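What follows is a short report on a single structure.
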Amino acid sequence: MYSGVQIRTGSNPKIKRNKIWGGQNGGILVYNLGLGVIEDNEIFDNAMAGVWIKTDSNPTLKRNKIHDGRDGGVCIFNGGRAVYQTLGINFVVGLAEKVGEGSTDL
Numbered sequence: 001m002y003s004g005v006q007i008r009t010g011s012n013p014k015i016k017r018n019k020i021w022g023g024q025n026g027g028i029l030v031y032n033l034g035l036g037v038i039e040d041n042e043i044f045d046n047a048m049a050g051v052w053i054k055t056d057s058n059p060t061l062k063r064n065k066i067h068d069g070r071d072g073g074v075c076i077f078n079g080g081r082a083v084y085q086t087l088g089i090n091f092v093v094g095l096a097e098k099v100g101e102g103s104t105d106l
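Under full-length UniProt numbering, the first residue of the sequence shown is numbered 1, with each subsequent residue one higher.
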């Protein structure tokens, strides 16, 4: 798995104000109970989705610009969940679903 950033096994980092691009998989991969706050990043030009969330992980995404990935903006599956905070509105997303195609601000 060659993602720009991997958050896993109960880790809870704050990833803030970065450009994350050119990953051979997704830009950010959160898995195996990963948490974290992913905030104000530009995530683009990755081989898969900008953010992958799976296997019981539950990060918070705030005001990220996610664009030009080859497989959608955010992909959530295998029991992954996420809280999106954008424009003062909170969204809780879970189970298996793909969010966003093309450009997504989350």
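Even for Gly, the Cβ is constructed at its ideal location relative to N, Cα and C. Note that the coordinates shown come from a computational prediction; the quantities given were computed from them, not determined experimentally.
request  = Could you tell me which uninterrupted beta strand (DSSP E) segments, each at least 3 residues in length, are contained entirely in the UniProt domain "Right handed beta helix" (3 to 82), listed from first to last along the chain?
outcome  = List check, beta strand (DSSP E) in window: 5 to 8, 14 to 16, 19 to 21, 28 to 31, 37 to 39, 42 to 44, 51 to 53, 60 to 62, 65 to 67, 74 to 76.
ask   = To which residues of the same chain is Gly-34 closer than 6 angstroms at the C-beta, ignoring the five residues directly before and after it?
value = Ile-7, Arg-8, Ser-11, Ser-57
ask   = By the 10 Å Cβ neighbour count, where 16 or more other Cβ atoms means buried, how is Gly-73 classified, buried or exposed?
value = buried
ask   = Given Gly-23, which residues of its chain have a CB within under 7 angstroms of its CB, disregarding the five upstream and five downstream residues?
value = Tyr-2, Ser-3, Gly-4, Asn-46, Ala-47
task = Within the same chain, show all residues whose beta-carbon is closer than 6 angstroms to that of Lys-54, passing over the 5 residues directly before and after it, in chain order.
result = Here the set comprises Tyr-31, Phe-77, Asn-78, Gly-80.
key: Cβ neighbour criterion (16 or more within 10 Å) applied to Pro-13   = A residue is called buried once 16 or more other Cβ atoms fall within 10 Å of its Cβ, and Pro-13, having fewer, is exposed.
message = Is Ala-82 close to chain C? Criterion is C-beta to C-beta, closer than 9 angstroms.
response = Of the protein chains in this structure there is only one, and it is not chain C.
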